[in-house]
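See below for the structure under consideration.
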Amino acid sequence: MKNKNTSFFQDPKLILRAVLDSFLKLDPRIQWKNPVMFLVYVGAILTTVDLFSEKGNFYFGMQISLWLWATVLFANFAEALAEGRGKAKAESLKKTRKESQARKLNGSSEISLPSSELRTGDKVICEAGDLIPGDGEVIQGIASVDESAITGESAPVIRESGGDRSAVTGGTKVLSDKIIVQITTDPGKTFLDKMISLVEGASRQKTPNEIALSILLSALSLVFLVAITALVPAVFYSQKEGGGSLGLAGSFPALVGLLVCLIPTTIGGLLSAIGISGMDRLMRRNVIAKSGRAIEAAGDIDVLLLDKTGTITLGNRMATRFVPSPGISERTLADAAQLSSLSDETPEGRSIVVLAKEKFGLRARNLSELGGRFVPFTAKTKMSGVDFDPSPDRKSKPGIRKGASESIRNYIVSLGGEFPREVTDIVDEIAREGGTPLVVSEGREILGVVHLKDIVKGGIRERFARLRQMGIRTVMITGDNPLTAAAIAAEAGVDDFIAEATPETKLKRIREEQAGGKLVAMIGDGTNDAPALAQADVGVAMNTGTQTAREAGNMIDLDSNPTKLIEIVEIGKQLLMTRGSLTTFSIANDVSKYFVILPAMFAGLYPVFGKGALSILNILGFESPESAVLSAVIFNALILVFLVPLALKGVEYKPIGADSVLARNVFIYGFGGLILPFLAIKLIDMILKFTKGIFV
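Position one of the sequence shown corresponds to residue 11 (the working numbering), numbered consecutively onward.
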């Protein structure tokens with residue numbers, strides 16, 4: 011998944027494979043899946059057969075037939091090239107899928123068996139150097155794991171039990187320590203198997219937008235087919251009653267060429283490639299989309315739910331100052347805060363120890379030597395701290411606690427103490443500044459507050475402004491109190507926030523937005539995020555998260571980078587913009603070809619060429635009807651080749667509103683689609699005129 015910026019056209023092997031696949035895709039079982047190109051395919055077959063009927067101009071018919079086949083092959087090439095990178099990645103992943111021996115726990119003993127015999131619920135032991143035999147959850151231990159086979163990143167990751175980083179993937183390698191893994195998938199249904207199926211396109215289904223557009227294109231093609239069929243008896247009647255010759259109106263290759271030029275072959279030939287390349291752009295950013303529907307939904311997102319920590323902010327709140335209560339010295343507060351944090355391995359706890367050392371020279375101490383026992387943080391108490399064992403005289407020091415202000419308030423009141431108003435004012439002031447107040451108590455006395463500061467990421471405000479330009483509203487999710495949440499939201503530039511959020515709160519907000527007709531995207535990595543991920547229109551699960559979260563989301567970020575959600579939205583927007591732009595261009599250049607080719611079809615009945623009365627219709631000054639028709643057919647084929655890079659890369663993305671996108675498409679791809687065919691067809695006509703003796 012590296013070489014993210016490598017172009018499709020910079021890999022000769024990819025191009026060669028696409029050329030070969032273009033011919034393999036001539037199989038009728040493949041062609042009929044695209045109704046528009048199937049008409050071209052049938053027309054190419056019929057014009058080829060017509061060559062042996064000894065009617066009309068053989069060389070003209072042969073060239074029409076060859077360019078119709080070229081049109082089909084160019085459309086096949088675009089699709090094959092879009093699929094090529096996915097197939098290459100699938101082959102790479104298949105090589106990493108190895109049969110390995112698993113050490114399955116069987117009661118108190120262990121047995122060795124092939125990984126293919128493992129089933130959901132089995133428990134296996136994995137130590138340094140072992141390949142993890144299947145997808146699962148770490149239920150005991152902690153280890154460093156090499157996931158480069160999946161993510162492409164060489165840096166090892168930590169996997170441990172009891173948290174949101176417990177999921178492991180079959181085929182990855184344990185680098186250190188020992189873990190016990192509970193298998194969560196049966197063979198053939200692993201994450202690696204699903205990835206292979208997704209990236210090689212085997213499970214890609216047409217999205218609702220693609221289906222709707224395909225129906226529209228098919229209907230247009232059917233209308234033109236009926237019109238061309240009805241044209242034949244009308245031409246014969248005109249020739250019988252008015253005299254003159256049938257000209258190209260009686261030529262079967264010319265009629266097929268007219269049909270092919272009028273139906274929307276440009277977008278019909280590129281539609282599939284546009285969808286596949288959208289998934290490829292996500293894949294190059296290490297995001298696996300379980301369906302094209304998810305990418306489309308990302309392009310239509312109205313509301314974006316983002317966690318504050320790690321997405322909007324750097325994620326590690328750091329202690330910046332000690333604010334003591336009245337009558338308490340700052341050193342006393344720092345000493346107590348450090349004691350309560352000596353065994354606290356969170357970034358916040360470590361930063362308190364460092365700040366106390368830097369400001370007052372307080373060095374870390376050994377809690378056991380002081381008779382102290384660390385009290386870990388729990389979701390119920392929302393506090394941590396230290397308790398001291400009784401001293402030899404059977405007395406003990408009062409316990410120290412640090413935690414959220416409401417938690418400490420309730421704790422102090424339960425001990426018969428009071429929460430000073432002055433401390434409440436300190437807490438409110440820190441919260442208004444966007445910091446997190448951490449209250450410290452000793453026994454029933456409040457010592458003061460530690461000011462924790464989480465830094466808003468650089469450039470995040472500008473990115474939210476870009477989303478706002480696209481009509482997307484951003485909502486920050488945080489467990490902070492409302493005052494702190496409001497300050498961070500204002501600094502980051504989000505449109506709204508949810509403070510003191512719980513899984514139920516997230517789910518409720520998503521449903522409320524959807525009930526109002528909005529499409530919602532969110533990210534998550536924990537089991538408690540699974541309901542919201544499943545409910546959201548675009549649910550992005552972190553690869554480091556739990557198996558439940560990965561199953562609930564419709565996208566998986568292999569890098570586990572929460573800010574990737576913004577890129578996903580931009581890719582979805584680009585996909586929709588590309589499809590809309592090329593559809594506009596296709597219909598516009600069909601109009602141009604209509605004015606070029608239709609007068610040529612009736613040149614035998616009416617004086618169109620030379621100095622005839624209707625010569626004004628020959629706006630490009632063609633010498634002959636054959637040259638006009640053939641030039642249009644050649645342009646119709648070649649334009650596919652020139653548009654393949656645009657279909658695969660996508661139109662240039664700009665964060666602008668829907669009205670601006672429409673105006674831009676109409677001007678560039680609508681007006682351009684009208685003008686370009688006239689210029690290009692005339693240039694082809696001049697080349698044909700120069701080589702008249704050979705080709706026409």
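We treat Cβ as the ideally placed atom computed from N, Cα and C, and that holds for glycine. Note that this is a predicted model, so its numbers are computed, not measured.
7 Å Cβ shell around residue i - same chain, five flanking residues per side excluded
i	result
I440	P447, V459, H461
T182	I142, V155, D156, E157, A159, I160
R27	G94
D438	L493
I338	L457, G458
Span of the alpha helix (DSSP H), counted from its first residue to its last, around residue i
i	result
G330	Just to set this straight, residue 330 is Thr in the shown sequence, not Gly. No alpha helix (DSSP H) holds T330; the beta strand (DSSP E) holding it covers 328-334.
S158	158-161
R27	22-34
M47	45-60
A307	302-309
R454	R454 -> no alpha helix (DSSP H), and no H or E assigned at all.
D399	Segment: none, D399 is in no alpha helix (DSSP H) and carries neither H nor E.
T573	Run containing T573: none; DSSP gives neither H nor E here.
T558	557-562
Cβ separation of residue i and residue j, assumed to be a contact under 8 Å, to the nearest whole Å
i	j	result
A598	G683	3 Å
L316	I322	6 Å
A638	I607	6 Å
R431	S350	At roughly 24 Å, the Cβ-Cβ gap does not stay under 8 Å, so R431 and S350 are not in contact.
R7	F429	Nothing about residue 7 can be reported from this structure: the residues present for the chain run from 11 to 706 only.
V134	V178	Rounded, the Cβ-Cβ distance is 10 Å, inconsistent with contact.
L457	S335	6 Å
Three-state secondary structure assigned by DSSP to residue i
i	result
V504	coil
S287	helix
D187	strand
L115	strand
P447	strand
L315	strand
A511	coil
I685	helix
L493	helix
F652	helix
D354	coil
S228	helix
R169	strand
I694	helix
G526	coil
I578	helix
D567	strand
F429	coil
D438	helix
F645	helix
S394	strand
S154	strand
R478	helix
V639	helix
K699	helix
K199	coil
G549	strand
V236	helix
I607	helix
Unbroken beta strand (DSSP E) run spanning residue i, endpoints
i	result
S119	119-124
F262	Per DSSP, F262 belongs to no beta strand (DSSP E); it is in the alpha helix (DSSP H), 262-272.
A415	Checking the sequence shown, residue 415 turns out to be Ser, not Ala. Per DSSP, S415 belongs to no beta strand (DSSP E); it is in the alpha helix (DSSP H), 415-424.
A299	297-299
Neighbourhood of residue i by C-beta, 6 Å cutoff - its chain only, sequence neighbours within 5 removed
i	result
T217	G302, R303, E306
L30	none
V651	F84
G382	V396, F398
L115	K133
G444	A497, I498, E501
Neighbourhood of residue i by C-beta distance below 8 Å, restricted to the same chain and skipping five residues each side
i	result
T594	N675, V676, Y679, G680, G683
Q41	K35, M47, F48, Y51, V82
Residue i beta carbon near the ligand ATP (any heavy atom closer than 8 Å)
i	result
I74	With respect to the ligand ATP, the structure shown offers nothing to examine, as it has no ligands at all.
Q | Contact between the stretch 392-400 and the stretch 488-497 (3+ Cβ pairs under 8 Å) | A | no
(Q) Check whether the stretch 25-40 and the stretch 76-87 touch, using three or more Cβ-Cβ pairs below 8 Å as the test. (A) yes
Q. Taking contact to mean at least 3 C-beta pairs separated by less than 8 Å, is the stretch 547-558 in contact with the stretch 524-533?
A. yes
Q: Count the CB pairs spanning the stretch 462-480 and the stretch 529-543 that are closer than 8 Å, and state whether there are at least three.
A: no
Q: Taking 8 Å as the threshold, find out whether the stretch 281-299 comes into contact with the stretch 326-346 through three or more Cβ pairs.
A: no
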